[in-house]
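Step one of this worksheet: look at the structure below.
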Ligand SMILES: [Zn+2]
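Residue numbers (my numbering): 126 to 235.
Okay, here's the thing in structure tokens:
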């Protein structure tokens with residue numbers, strides 16, 4: 126089904142949506158196997174104190190997206206904020222959407 130999704134860590138195909146973790150690293154979306162992401166994030170944690178790659182296709186990210194969208198809505202309706210605030214709040218929902226369109230939709234559910 127469509128193009129194969131290749132894990133950035135082990136270079137093998139990700140065959141199921143349940144195995145897929147999409148994360149943003151250095152502004153790019155990257156797909157990993159669940160177990161590869163664990164290995165990768167453990168390694169990264171040891172290398173740097175600050176580790177900012179969070180899985181985008183997770184419950185946590187879905188809640189973050191909802192919160193940012195609510196913020197955007199309240200800016201629009203109630204507050205007069207600079208345009209940059211809109212852009213900053215839109216980044217996360219856009220990443221979430223791209224993760225869905227570029228990877229999650231292509232991984233077969235089993
Ligand atoms: Zn992998």
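Glycine residues also receive a C-beta, built at the ideal position from the N, C-alpha and C atoms.
- Using a Cβ distance threshold of 8 angstroms, residue 195 and residue 215 do not count as a contacting pair.
- Taking residue 210 as the centre and dropping the five residues before and after it, the same chain places the C-beta of 200 closer than 8 angstroms to its C-beta, in chain order.
- Between ligand 1 and residue 137, a heavy atom-to-CB distance of less than 7 angstroms is present.
- 140 is the residue among 186, 140, 170, 205 whose C-alpha sits nearest the C-alpha of residue 157.
- Partner residues in the beta bridge of residue 155, as assigned by DSSP, are 148.
- Each of 153, 143, 162, 144 was checked against the Cα of residue 134, and the nearest Cα belongs to 162.
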